[in-house]
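Residue numbers (the numbering used here): 6 to 211.
Glycine included, C-beta positions come from ideal geometry on N, C-alpha and C.
None of these values were measured; they are calculated from a predicted model.
Down below is the structure, laid out as structure tokens.
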């Protein structure tokens, strides 16, 4: 009986070991494939210094305007404490993509104003070589919501005055129409300058 008991116990152990091996080899127990991290660009020109976030990652756009996201994620953008907007992750995102208006285009005021803010904050005031938002400028951008669908020239003027007064920056206000001309060039789209806004700006500061 002792031998039979030992044989029975050995058989049970063998069956158990085989069953565990089958479980470990089953597809459900294997780690799933890692999702590929995708890289997009935020363009007005390439914009460096934007804070971006998705459900899985966050960071600051580099000198190429690059940000990371996973397929299907929404990417949100801020400059300092100012919320710019959000869009589905893509190879290229522009002010048009993050505008909240229905079917936004270069003609949309919201798009013009977002572009004007970014170019106004450009450290060397030359968006043709890329837009770089310096840390000292970012430090003076408070947590706030700007209504980009309305006239923001006074807002831009106040930001520039505050930043220039408290830092070594020498920013200047870029008017929405002027900014849109540059954005159109970046996107290789046609756009006609539509007015003289500088008069309005100087009236605001008086």
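{"Item": "Would the beta-carbon of residue 154 fall within 8 Å of that of residue 183?", "Value": "no"}
{"Item": "Which residues in the same chain have their Cβ closer than 8 Å to the Cβ of residue 157, if we skip the five residues on either side of it in sequence?", "Value": "118, 121, 122, 151, 181"}
{"Item": "Return the chain-ordered ranges of every alpha helix (DSSP H) run that is complete within the region 141-197 and spans a minimum of 4 residues.", "Value": "158-171, 181-192"}
{"Item": "Can you list, in chain order, the residues of its chain with a C-beta nearer than 6 Å to that of residue 126? Leave out the 5 residues immediately preceding and following it.", "Value": "138, 142"}
{"Item": "Considering just the uninterrupted stretch of the alpha helix (DSSP H) at residue 121, what are its terminal residues?", "Value": "114-125"}
{"Item": "Look at the Cβ atom of residue 69, then the Cβ atom of residue 46, and state whether they are nearer than 8 Å.", "Value": "yes"}
{"Item": "Within 10 angstroms of the Cβ of residue 147, are there 16 or more other Cβ atoms? Answer buried if so, exposed if not.", "Value": "exposed"}
{"Item": "Here's a check: name, in chain order, each residue in its chain whose Cβ is nearer than 8 Å to the Cβ of residue 140, leaving out the five neighbours to either side.", "Value": "54"}
{"Item": "Is the beta carbon of residue 94 closer than 8 Å to that of residue 78?", "Value": "yes"}
{"Item": "How would you write the range of the alpha helix (DSSP H) that residue 101 sits in, first residue to last?", "Value": "100-103"}
{"Item": "Going by beta carbon distance, what residues of the same chain come within less than 6 Å of residue 12, once the five residues before and after it are set aside?", "Value": "Model confidence at residue 12 stands at a pLDDT of 46, short of 50, so the residue's coordinates are unreliable; what they give is reported in the following sentence. Correct list: empty, nothing qualifies."}
{"Item": "Could you tell me the alpha carbon to alpha carbon distance between residue 195 and residue 161, rounded to whole angstroms?", "Value": "26 Å"}
{"Item": "Can residue 71 and residue 42 be called in contact, C-beta distance under 8 Å?", "Value": "no"}
{"Item": "Give me whichever residues DSSP pairs with residue 57 in a beta bridge.", "Value": "64, 82"}
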